[in-house]
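Engineer: Note that my numbering gives residue 252 to position 204 of the sequence shown, counting from 1, and the numbers run on in steps of one. Provided herewith is a single structure, encoded as structure tokens, for subsequent inquiry.
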Amino acid sequence: CIVRKPVHSGVALIFVDERGENSIGVAAGANSLLSPEDIEAADACFEEGGILLLQLEIPMDTVICACRKAKSKNMTVILNPAPAAPIPSELLQYTDIITPNEHELAQIGRSAPELFDAGVGLLVNTLGSRGVRVTSPDGSYTVPAFRVKAVDTVGAGDCFNGVFAASLALGMDVKEAVRRAVASAALAVTREGAQAAMPTGDETDEFIRNHNV
Numbered sequence: 049c050i051v052r053k054p055v056h057s058g059v060a061l062i063f064v065d066e067r068g069e070n071s072i073g074v075a076a077g078a079n080s081l082l083s084p085e086d087i088e089a090a091d092a093c094f095e096e097g098g099i100l101l102l103q104l105e106i107p108m109d110t111v112i113c114a115c116r117k118a119k120s121k122n123m124t125v126i127l128n129p130a131p132a133a134p135i136p137s138e139l140l141q142y143t144d145i146i147t148p149n150e151h152e153l154a155q156i157g158r159s160a161p162e163l164f165d166a167g168v169g170l171l172v173n174t175l176g177s178r179g180v181r182v183t184s185p186d187g188s189y190t191v192p193a194f195r196v197k198a199v200d201t202v203g204a205g206d207c208f209n210g211v212f213a214a215s216l217a218l219g220m221d222v223k224e225a226v227r228r229a230v231a232s233a234a235l236a237v238t239r240e241g242a243q244a245a246m247p248t249g250d251e252t253d254e255f256i257r258n259h260n261v
């Protein structure tokens, strides 16, 4: 454990209803103190041609700094715009792929063409039990969800984004990476908890082999 500021770590308070759906309250704590200076000091974390996955639980100027630094290293920037918030144009111009759910997309307040005009390359809209809608300037398609009994949806979006980014890093194309991420998130919601529910890569691949959509 490294203590750099006299403040508690970020904490999420999660409430799950009888359907497995959740509501989350966040006390940002140390997350709110991550600064652009911290990003500039972490140069070794930015690998040429790699992938950077971010969300919005740190200050917006820090997110923008990280995206700018990533683009200087020819990295692919994936933005998970959670928690929901309006997105500055400066951030969108550095974003290759944006992955909002329906609520987050509404908060962004821009249509797909407007996002593309702002610099975004690909919109990956997660739709829960209805799958994922992938939209580019050339068209769109839906990757359907796997049918499972949800026990706890906490962390499903985090699982999707992490597996999506990791699958792209493994060399999969977007459609294959989205399908693998959808499968992993489907498996995650059949388990209780957040980190404890995250499937391994092998578990995800076995789930895909055993389930057709």
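Even for Gly, the Cβ is constructed at its ideal location relative to N, Cα and C.
Exposed or buried, which one is Lys117 when buried takes at least 16 other CB atoms within 10 Å?
Structural biologist: With 16 or more other Cβ atoms within 10 Å, it is buried.
Engineer: In angstroms with no decimal places, state the Cα-to-Cα distance between Glu66 and Gly97.
Structural biologist: So the two alpha carbons sit approximately 44 Å from each other.
Engineer: Return the chain-ordered list of same chain residues with a C-beta closer than 6 Å to the C-beta of Leu127, the five sequence neighbours on each side being excluded.
Structural biologist: Hits under 6 Å: Leu102, Thr143, Ile146.
Engineer: Since Gly187 is in the beta strand (DSSP E), which residue starts that stretch and which ends it?
Structural biologist: Counting along the chain, the beta strand (DSSP E) containing Gly187 begins and ends at 187–191.
Engineer: I need the boundaries of the alpha helix (DSSP H) containing Asn262, first residue and last residue.
Structural biologist: With the chain covering only 49 through 261, there is no way to say anything about residue 262.
Engineer: Using the C-alpha atoms, what's the distance from Ala229 back to Ser71?
Structural biologist: Rounded to the nearest angstrom, the two C-alpha atoms are 22 Å apart.
Engineer: If you check the beta carbons only, do Val111 and Gly77 fall under 7 Å apart?
Structural biologist: Their beta carbons are not under 7 Å apart, which means Val111 does not touch Gly77 by this criterion.
Engineer: By the three-class DSSP mapping on this structure, what secondary structure does Asn128 have?
Structural biologist: In the structure shown, Asn128 sits in coil (DSSP, three-state: anything other than H, G, I, E or B).
Engineer: Select from Phe164, Ser232, Asn258, Lys119 the residue whose C-alpha is nearest the C-alpha of Gly249.
Structural biologist: Checked all of Phe164, Ser232, Asn258, Lys119; the closest Cα to Gly249 is Ser232.
Engineer: Could I get the ranges of all uninterrupted alpha helix (DSSP H) runs contained in the stretch 61–122, with 4 residues as the minimum, in chain order?
Structural biologist: If we require 4 residues or more, the alpha helix (DSSP H) runs fully inside the stretch 61–122 come out as 84–88, 108–120.
Engineer: Quick test of the definition: if touching needs 3 or more C-beta pairs under 8 Å, does the stretch 81–100 touch the stretch 153–167?
Structural biologist: No, the stretch 81–100 is not in contact with the stretch 153–167.
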